[in-house]
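2 protein chains.
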Amino acid sequence: MTAVLVIEDDDRIRLALLLALQDEGYDAVGAATAEEGLRAQRRDPADYVLVDLMLPGLDGFECIRQLRRDDDVPIVVVSARDDTHDIVAALEAGADDYLVKPVAIKELTARLRALRRRARAVVGGPAAEPVPVLAFGELEISPDAGEVRRGGRPVAVTRTEFRLLCELAEHAGRVLSRQQLLQRVWGYDIGDERLVDVHVGRLRQKIEPDPATPRHLVTLRGMGYKLQR
Amino acid sequence: MTAVLVIEDDDRIRLALLLALQDEGYDAVGAATAEEGLRAQRRDPADYVLVDLMLPGLDGFECIRQLRRDDDVPIVVVSARDDTHDIVAALEAGADDYLVKPVAIKELTARLRALRRRARAVVGGPAAEPVPVLAFGELEISPDAGEVRRGGRPVAVTRTEFRLLCELAEHAGRVLSRQQLLQRVWGYDIGDERLVDVHVGRLRQKIEPDPATPRHLVTLRGMGYKLQR
DNA sequence: GGATCTATGACAGTTGGGTGACAAATCCGC
DNA sequence: GCGGATTTGTCACCCAACTGTCATAGATCC
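Just so you know, the protein sequences line up as chains A and B, in that order.
End of the first sequence sits at 229 in the numbering used here; the numbers just go up one at a time, nothing left out.
End of the second sequence sits at 229 in the numbering used here; the numbers just go up one at a time, nothing left out.
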């Protein structure tokens, strides 16, 4: 799994970044200060480092220089300061990229992938790009891989079933009416709502240990269906 | 001297970029269309390419893909559009960085220098450094060496098959739709998706022990193809 | 107990993908 | 340039898998 170290003193931002990266399939760990980050990277090197510029104690620029001193890890600055001087200084210090907060997670991961292409030949083999996975107990759904697993074992589902499952997983814990599901999975404006029942039934046969008493894909009578942990 | 190719249709902006780059000591040349830029790069390869996204005729995304097809030159997008979708799409297409107009020339050159560090690390590394190899069970692919092996034995694949395989390998574990593959391997915007089937079939004959029941290059009905371990 | 909502099995029409044949395009040694 | 070999793209056919419909049975609510 691809590991990312996030050095950021603001607890809220650090946590948000960590969660978002984990959602995208990265193994993300945080550090609140430059010193802590440097220690973490020496002890257990991540594949990428994200670093804020304004840190208490050792600042971001110094942190980048120290990281660079003994590590070729790709470094991305994530800073609130949108100033050419800072950007140039950070890149000169050894950073590979510079993003201004607030960052879109999709852009961040796209930039990490772009960096990976470049960094690939340097160290060992290519750290394979992680595939995001949504987990529901022993049930794992990976939209990017087009794969569903139960207890680690792949389950063969059809395209419609997969879309349906992804739609439910994306709104996990919330009820989706048959109308909404028809709309989102089939693109129908109107149509036979029973169709959803049939596909939910087929899906249950495949992903529920006991399809008769569903644990994850549950019916809410009169309302619709819901996927829960 | 370091050469930069600037592909940008707006005369004023192109000229301003060229002058600014020349002031900074670069040997900068311009192209007003993607076609012109591609020709120029083939004829006389620059060390960096800057490209706008909104170009008449062939657009920037397509331009990037075509550049990437046979060139590892660092590509920086310089666009007026500040939209996550565009940024992600450009980076996915093969760009290394994305700047939003108006760009500060100091930032631009700092980013070019940062890219050069990475680009040099790739080519100029110690000669003994092993060529990166992507492995899928007994299947080995070296994108740089243009080689495919099965159980250590070289397998003869054609250029198209090789590109297709590399594209799949680069996104190992993820489904790629026929559209995406057409787009990335052939550069088609639209086209017959069955073409992909045929080449996948031919590839399977060569790399799968039992082509009838593929283990690595698998079909996901209704979704596309995926390369897995 | 009746009304309403949901589950499920069967079935036929449709779709999607594999494959072999073939012609055009490209490559390559000469 | 030239002719043969290789590669590439198009097409048509076939089969397996999937989808949507329906009828029936079961569950739940009042």
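C-beta: ideal position from N, C-alpha, C; glycine also.
*Can you say whether alanine 114 (chain B) is buried or exposed, counting buried as having 16 or more other CB atoms within 10 angstroms of its CB?*
Walking along the second sequence from the start, residue 114 (chain B) turns up at place 114. Buried, because 16 or more other Cβ atoms sit within 10 Å of the Cβ of alanine 114 (chain B).
_Within 8 Å, strictly: CB atoms of valine 157 (chain A) and leucine 181 (chain A)_ = As a working mapping, residue 157 (chain A) is identified with position 157 in the first sequence. As a working mapping, residue 181 (chain A) is identified with position 181 in the first sequence. Going by C-beta atoms, valine 157 (chain A) is not nearer than 8 Å to leucine 181 (chain A).
_Distance check for proline 132 (chain A) and aspartate 96 (chain B), CA to CA, integer angstroms please._
Residue mapping note: residue 96 (chain B) aligns to position 96 of the second sequence, counting from 1. Residue mapping note: residue 132 (chain A) aligns to position 132 of the first sequence, counting from 1. Computed Cα separation, rounded: 23 Å.
_Beta-carbon spacing of glycine 155 (chain B), isoleucine 207 (chain B) below 8 Å_ = On the second sequence, residue 155 (chain B) is found 155 positions in, with the first residue counted as 1. On the second sequence, residue 207 (chain B) is found 207 positions in, with the first residue counted as 1. The amino acid occupying residue 155 (chain B) in the given sequence is valine; glycine does not appear at that position. Their beta carbons are under 8 Å apart, which means valine 155 (chain B) touches isoleucine 207 (chain B) by this criterion.
*Give the residues of chain B in contact with lysine 206 (chain A), contact being defined as C-beta atoms less than 8 Å apart.*
Position 206 of the first sequence, counted from the start, is the residue given in the question as residue 206 (chain A). Within chain B, no residue comes near lysine 206 (chain A); the closest Cβ sits about 15 Å away, beyond 8 Å.
_Near-chain A residues of the region 73 to 85 of chain B - C-beta to any C-beta below 7 Å_ = Thr84
*What are the residues of the region 135 to 163 of chain B that lie near chain A, defined by any Cβ-Cβ distance shorter than 7 Å?*
none
*For lysine 101 (chain B), decide whether its Cβ has a neighbour in chain A, counting only Cβ atoms nearer than 8 Å.*
The sequence position of residue 101 (chain B) within the second sequence is 101, counting from 1. No, lysine 101 (chain B) does not count as interfacial toward chain A.
*asked:* Counting only C-beta atoms, is glycine 201 (chain B) closer than 8 Å to chain A at any point?
replied: For the purposes of this step, residue 201 (chain B) is taken as residue 201 along the second sequence, with counting starting at 1. Cβ-Cβ to chain A under 8 Å: no for glycine 201 (chain B).
*When you compare each of B:Leu227, B:Asp52, B:Ala32 and B:Asp23 to valine 76 (chain B) by their alpha carbons, which one comes out closest?*
Residue numbering aside, residue 76 (chain B) sits at position 76 when the second sequence is read from its first letter. That would be B:Asp52, whose Cα lies nearest to the Cα of valine 76 (chain B).
*State yes or no: is the beta carbon of leucine 107 (chain B) nearer than 8 Å to at least one beta carbon in chain A?*
As a first step, residue 107 (chain B) is located in the second sequence; it is residue number 107 there, counting from the start. As written in the sequence, residue 107 (chain B) is glutamate, which differs from the leucine given in the question. By this cut-off, glutamate 107 (chain B) is an interface position.
_alpha helix (DSSP H) segments (min. 4 residues) lying fully within the region 183 to 222 of chain B_ = 194 to 207
*Who are leucine 99 (chain A)'s beta bridge partners in DSSP?*
Working through the first sequence from its first residue, we reach residue 99 (chain A) at position 99. According to DSSP, which records beta bridges pairwise, leucine 99 (chain A) is partnered with A:Val78.
*At 9 Å on the CB atoms, spell out the chain B contacts of isoleucine 87 (chain A), in chain order.*
As a first step, residue 87 (chain A) must be located in the first sequence, where it is residue number 87. Those within 9 Å of isoleucine 87 (chain A) in chain B are Ala104, Lys106, Glu107, Ala110 and Arg111.
*Using 8 Å as the limit for Cβ to Cβ distance, is valine 131 (chain A) near chain B?*
Stepping through the first sequence from its first residue, residue 131 (chain A) is reached at position 131. Cβ-Cβ to chain B under 8 Å: yes for valine 131 (chain A).
*Proximal residues to valine 100 (chain B) (C-beta, below 6 Å), its chain only, five neighbours per side dropped*: For this step, residue 100 (chain B) is matched to residue 100 along the second sequence. If we look at valine 100 (chain B) and ignore the five residues flanking it on each side, its Cβ neighbours are Asp82.
*Just mark isoleucine 64 (chain A) as buried or exposed, buried being the case when its beta carbon has 16 or more other beta carbons within 10 Å.*
If you number the first sequence from 1, residue 64 (chain A) lands on position 64. Buried, since its Cβ has 16 or more Cβ neighbours within 10 Å.
*Could you name the residues of the same chain whose beta carbon sits closer than 6 Å to that of alanine 3 (chain B), not counting the 5 residues immediately before and after it, in chain order?*
On the second sequence, residue 3 (chain B) is found 3 positions in, with the first residue counted as 1. Only Asp27, Ala46 and Asp47 meet the Cβ criterion.
*asked:* If you follow the beta strand (DSSP E) that valine 155 (chain B) is in, where does it begin and where does it stop?
replied: Working through the second sequence from its first residue, we reach residue 155 (chain B) at position 155. Here the beta strand (DSSP E) through valine 155 (chain B) covers 153 to 155.
*Could you name the residues of chain A that glycine 37 (chain B) contacts, counting a contact when the two beta carbons are closer than 8 Å?*
Translated into positions along the second sequence, residue 37 (chain B) becomes position 37. Going along chain A, no residue has its Cβ under 8 Å from glycine 37 (chain B), so there is no contact; the nearest lies around 20 Å.
*Pick from A:Ala34, A:Gly146, A:Thr109 and A:Lys226: whose alpha carbon is nearest that of glycine 223 (chain B)?*
The residue labelled residue 223 (chain B) in the question sits at position 223 within the second sequence. The question names glycine, but residue 223 (chain B) is methionine in the sequence shown. Ranking A:Ala34, A:Gly146, A:Thr109 and A:Lys226 by Cα distance to methionine 223 (chain B) puts A:Gly146 first.
*From the beta carbon of arginine 184 (chain A), is the nearest beta carbon of chain B less than 8 Å away?*
Within the first sequence, numbered from 1, the residue matching residue 184 (chain A) stands at position 184. No, arginine 184 (chain A) does not count as interfacial toward chain B.
*Taking the continuous beta strand (DSSP E) assigned at valine 6 (chain A), which residues delimit it?*
On the first sequence, position 6 is the one that residue 6 (chain A) refers to. Here the beta strand (DSSP E) through valine 6 (chain A) covers 3 to 7.
*asked:* If I measure Cβ to Cβ from glutamate 138 (chain B) and keep anything under 7 Å in the same chain, skipping five residues before and after, which residues do I get?
replied: Sequence index remark: in the second sequence, residue 138 (chain B) carries index 138 (1-based). Counting only Cβ-Cβ distances below 7 Å, and skipping sequence neighbours, we find Arg150 and Gly151.
*With a Cβ-Cβ cutoff of 8 Å, do glutamate 244 (chain B) and isoleucine 87 (chain A) count as a contact?*
Given that chain B is displayed from residue 1 to residue 229, the structure contains no residue 244 (chain B) and the question cannot be resolved.
*Would you identify the three-state DSSP class for arginine 149 (chain B), choosing helix, strand or coil?*
Taking the first residue of the second sequence as position 1, residue 149 (chain B) is located at position 149. It is a strand residue.
*Starting from valine 51 (chain B), trace the beta strand (DSSP E) both ways and give me its first and last residue.*
Residue mapping note: residue 51 (chain B) aligns to position 51 of the second sequence, counting from 1. Note, valine 51 (chain B): beta strand (DSSP E), 48 to 51.
*Of all the residues that make up the region 205 to 228 of chain B, which are near chain A by a beta-carbon distance shorter than 9 Å?*
Leu220, Arg221, Gly222, Met223, Gly224, Lys226 and Gln228
*For valine 29 (chain A), does the three-state DSSP call read helix, strand or coil?*
In the first sequence, residue 29 (chain A) corresponds to position 29, counting from 1. Three-state DSSP puts valine 29 (chain A) in a strand.
*chain B partners of aspartate 96 (chain A), CB-CB under 9 Å?*
Within the first sequence, residue 96 (chain A) is the residue found at index 96, counting from 1. Ala114, Leu115, Arg117 and Arg118, listed in chain order.
*Are the C-beta of glutamate 92 (chain B) and some C-beta of chain A separated by less than 8 Å?*
Within the second sequence, numbered from 1, the residue matching residue 92 (chain B) stands at position 92. Yes, because at least one Cβ of chain A sits closer than 8 Å to the Cβ of glutamate 92 (chain B).
_leucine 203 (chain B) Cβ short of 7 Å to the ligand GDP heavy atom set_ = In the structure on display, the ligand GDP does not appear, and there are no ligands present to speak of.
*Between the Cα of arginine 39 (chain B) and those of B:Pro211, B:Val6 and B:Ile105, spot the shortest distance and give me the residue it belongs to.*
Position 39 of the second sequence holds residue 39 (chain B). Out of B:Pro211, B:Val6 and B:Ile105, B:Val6 has the C-alpha closest to the C-alpha of arginine 39 (chain B).
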